Amino acid sequence: MNGASLYHRSLDSFCYSPDGESMVVRLQAAADDVASVDLWVGDPYEWSHKPGIDSPQGTWHCHRVPAQKIGSDGLRDFWEARWKTPYRRARYFFRITGLDGSRLDYGEKGLVPCNPDSADSRPDFWNTFLFPYIHETDIFRVPEWVARTVWYEIFPDRFCNGDSSNDPADVQPWGRLPKSNSEFYGGDLKGIIQKLDHIESLGCNGIYLTPIFASPTAHKYDTADYLRIDPSFGTEGDLRELVQACKARGIRIILDAVFNHAGREFGPWEDVIEKGPDSRYRDWFHIRDFPLFPLGKDTGDSRDTNFETFGFTTRMPKLNTSNPDMREYLLEVAVRYVRDFGIDGWRLDVANEVDHAFWREFRRRVKAVNPDAYIVGEVWLDAMPWLRGDQYDGVMNYPFELAISDFLCPSPNALIGRDFLHRIDAISFSYPDTVMKSMFNLVDSHDTDRIITRFGGRDPAKCALVLLFALPGSPCIYYGTEYALEGGRDPDCRRCMVWDPDPAEREFADFVTALVRVRRTYWKTFAEGTRRGISLADFPGFVAFILEGEGRRIALMVNRDPAPIPAQSWKTALEVKDSVKVQNLLSGKRFDDALGGRDSAVFML
Ligand code: CA
-12 MNGASLYHRS LDSFCYSPDG ESMVVRLQAA ADDVASVDLW VGDPYEWSHK
38 PGIDSPQGTW HCHRVPAQKI GSDGLRDFWE ARWKTPYRRA RYFFRITGLD
88 GSRLDYGEKG LVPCNPDSAD SRPDFWNTFL FPYIHETDIF RVPEWVARTV
138 WYEIFPDRFC NGDSSNDPAD VQPWGRLPKS NSEFYGGDLK GIIQKLDHIE
188 SLGCNGIYLT PIFASPTAHK YDTADYLRID PSFGTEGDLR ELVQACKARG
238 IRIILDAVFN HAGREFGPWE DVIEKGPDSR YRDWFHIRDF PLFPLGKDTG
288 DSRDTNFETF GFTTRMPKLN TSNPDMREYL LEVAVRYVRD FGIDGWRLDV
338 ANEVDHAFWR EFRRRVKAVN PDAYIVGEVW LDAMPWLRGD QYDGVMNYPF
388 ELAISDFLCP SPNALIGRDF LHRIDAISFS YPDTVMKSMF NLVDSHDTDR
438 IITRFGGRDP AKCALVLLFA LPGSPCIYYG TEYALEGGRD PDCRRCMVWD
488 PDPAEREFAD FVTALVRVRR TYWKTFAEGT RRGISLADFP GFVAFILEGE
538 GRRIALMVNR DPAPIPAQSW KTALEVKDSV KVQNLLSGKR FDDALGGRDS
588 AVFML
């Protein structure tokens, strides 16, 4: 057995309580190296005459809980055991049997050869891991509505112009061509209100708005005033009306909190620029020295400045969230829109470049006003440090997006089905299940190219959406994706919304609507059910997931490649009898034939 590959720590995805009573314990081991894993676990203080483990101190009362293999990333297998703690505490070690027949006990002291048949080889009570106490305040809990939500992301300037009276002076005519970030199209909050019918008809019941506060740009990630709605987007009354209209339809709405940095026109920053070291706001920012621009001019690159910024963009000075006044200002902004406008939560921009202490306080304050608010951070890579229950409820799950892209992208290096599933397992294992279920999943956004363009067509884009909807977490549709809107990377991914779809675009919207309907109708199976991935060695472009729970089994399958997959192959893989005709829930049609090239299907087993 490869002892070097065995790994566990009593924290994060390796050891957590999902519910305040039971605990989940996981072990990582080399792939195909271990025959069985037993968790030996008991209360640290329960010593008795009952059967257990002898030590010089007496007999420790403990139990054997067999672990199951829950996944693999190809190099490592992931094992998991669950135990209901009688007293909210646990002390435990692993007894691991290798495929070669060797046995090891694994605790915090390390690996110790084990021979249960020998009286001289008793387990060592002190070679254990400890989960000291399950506190309710340490449990990761998220609003229950998130599991039922399918999101719709809106970039307001480009969505719908519902009020021409608030248009910027240089507003451009609505159109389908690529756009730049320096053009304005007059989209606004009134436009969103007018198009709630459209969003509701798609089945989406959550809206994520990119920033709406006063700012000179179309994207508004360079805030001038957090306490004012951008006049070209509307008024406070419009925001109230939008939130109320959403509530009336059962649609949740979250706003974008750009708290890592402000914009060039943010009042306190203008004060610093004007007054220099005498400004009362100088500590609201990360200023190393004065003058701010030692070259005597703004080159646009913060490597030429004496202050910190987002990236190297001098127009986005970084906020000092450890300054008490600055922190209080932002926290009041966060609370204000939840308390006074009734929004359902916040998406946090560049969330991982803001300090943890700030986010802990942010959570405390926002949840004090609305315990049901959803807090989702923008973190593109491993986000475990922010997802321990004290900061965010979820993150924008770009690792899933990358896995889907690496599988579907037309490239000779594209992942094969088996390796795609390995990647999904690796991501899933890196978080507690409870965290995975509250992720904000997406395949494209205002920060990426659009899926039609990325994958080179509508059929692979449909495959991407099916995979997105198969994974744990709440999926998000980026505005325009329902009409197969194209676009490369920023700014091209921010084209005007299509409001005059042609028949092919309508057909794409029918597909998206059907997918959303399946996800929402059977949300409990998607959220609470088990999930098994299936690949086929002979068809590297095939991937399927079987979700099981709530008395039903739902299959979602995708064929990335152009060659069809014979019925016998996919039916054998999914354990469907040859004679059974399945009904594709996306098309409403029965089929029992080959799965077409670049095609997908969702059906009940
Ligand atoms: Ca307008």
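Residue 592 is where the sequence shown ends in this note's numbering, and the numbering goes up by one at each step. Even for Gly, the Cβ is constructed at its ideal location relative to N, Cα and C. In this text the structure is predicted, and so the values were computed from the model without any measurement.
Asked                                                                                                                                  : Found
Cβ neighbours of arginine 519 in the same chain (closer than 6 angstroms, five flanking residues each side left out)                   : Ile533
At least 3 beta-carbon pairs within less than 8 angstroms: the segment 262 to 274 vs the segment 282 to 295                            : yes
Ligand 1 heavy atom lying under 6 angstroms from the CB of aspartate 150                                                               : yes
Segment limits, beta strand (DSSP E) that includes isoleucine 240                                                                      : 239 to 244
Alpha-carbon to alpha-carbon, aspartate 312 and phenylalanine 118                                                                      : 38 angstroms
From His248, Pro278, Asn192, residue whose alpha carbon lies closest to that of tryptophan 138                                         : Asn192
Residue from Lys558, Pro527, Val567, Arg493 whose Cα sits closest to the Cα of aspartate 548                                           : Pro527
Pairwise C-alpha distance: serine 415 and alanine 451                                                                                  : 18 angstroms
Glycine 224 beta carbon near ligand 2 (any heavy atom closer than 6 angstroms)                                                         : In the structure on display, ligand 2 does not appear, and the ligands it does have are ligand 1.
Cβ-heavy atom distance, aspartate 359 to ligand 1, below 6 angstroms                                                                   : no
Under the three-state DSSP convention, the category glycine 467 falls into                                                             : coil
C-alpha gap between aspartate 446 and glycine 584, whole angstroms                                                                     : 9 angstroms
Buried or exposed (CB count within 10 angstroms, at least 16 for buried), aspartate 331                                                : buried
Residues sharing a beta bridge with phenylalanine 280, DSSP                                                                            : The partner list for phenylalanine 280 (beta bridge, DSSP) is empty, contrary to what the question assumes.
Contact check, valine 353 vs valine 325, beta carbons under 7 angstroms                                                                : yes
In chain order, each alpha helix (DSSP H) run of at least 4 residues that lies wholly inside the segment 504 to 538                    : 510 to 515
Delimiting residues of the beta strand (DSSP E) encompassing proline 665                                                               : The chain is shown from -12 up to 592; residue 665 falls before or after that span and cannot be answered.
6 angstroms Cβ shell around phenylalanine 456 - same chain, five flanking residues per side excluded                                   : Pro462, Leu502, Arg506
Residue ranges of each beta strand (DSSP E) within the segment 364 to 450, 3 or longer                                                 : 427 to 429
Closer than 6 angstroms: asparagine 153 CB and nearest ligand 1 heavy atom                                                             : yes
Nearest-angstrom Cβ-Cβ length linking tryptophan 373 and alanine 338, presumed shorter than 8 angstroms                                : 7 angstroms
CB of isoleucine 541 within 7 angstroms of CB of threonine 512, strictly                                                               : yes
Same chain only: Cβ atoms within 8 angstroms of serine 219, ignoring 5 sequence neighbours per side                                    : Asp144, Asn153, Asp154, Pro155, Phe171, Gly173, Asp175
Test item: CB-CB of tyrosine 93 and phenylalanine 81 under 7 angstroms                                                                 : yes
Cβ-heavy atom distance, aspartate 157 to ligand 1, below 6 angstroms                                                                   : no
As assigned by DSSP and simplified to three states, the class of alanine 232                                                           : helix
Valine 499 versus glycine 85 - alpha carbon distance                                                                                   : 47 angstroms
Spatial neighbours of arginine 323 in its chain, beta-carbon cut-off 8 angstroms, leaving aside the 5 residues before and after        : Leu214
Beta-ladder partner(s) of isoleucine 541, from DSSP                                                                                    : Leu534, Met591
Where lysine 576 falls: helix, strand or coil (DSSP)                                                                                   : coil
Cut-off 6 angstroms between Cβ atoms - residues of its own chain near valine 589, not counting five sequence neighbours on either side : Val505, Leu543, Leu572, Leu573
Aspartate -1 versus proline 100 - alpha carbon distance                                                                                : 27 angstroms
Rounded Cβ spacing between valine 567 and aspartate 586 (contact assumed at less than 8 angstroms)                                     : Between aspartate 586 and valine 567 the Cβ distance is about 19 angstroms, and since that is not below 8 angstroms, they are no contact.
7 angstroms Cβ cutoff, serine 9 in contact with chain B                                                                                : Any reference to chain B falls outside this structure, which holds one protein chain only.
Other residues of its chain near aspartate 107: CB distance less than 8 angstroms, five sequence neighbours each side excluded         : Confidence is the limiting factor: at aspartate 107 the pLDDT is only 49, short of 50, which leaves the residue's position unreliable, though a coordinate-based value still follows. Once the five neighbours on either side are set aside, aspartate 107 has no close Cβ partner at all.
Cβ-based burial, glycine 283 [other Cβ within 10 Å; buried from 16]                                                                    : exposed
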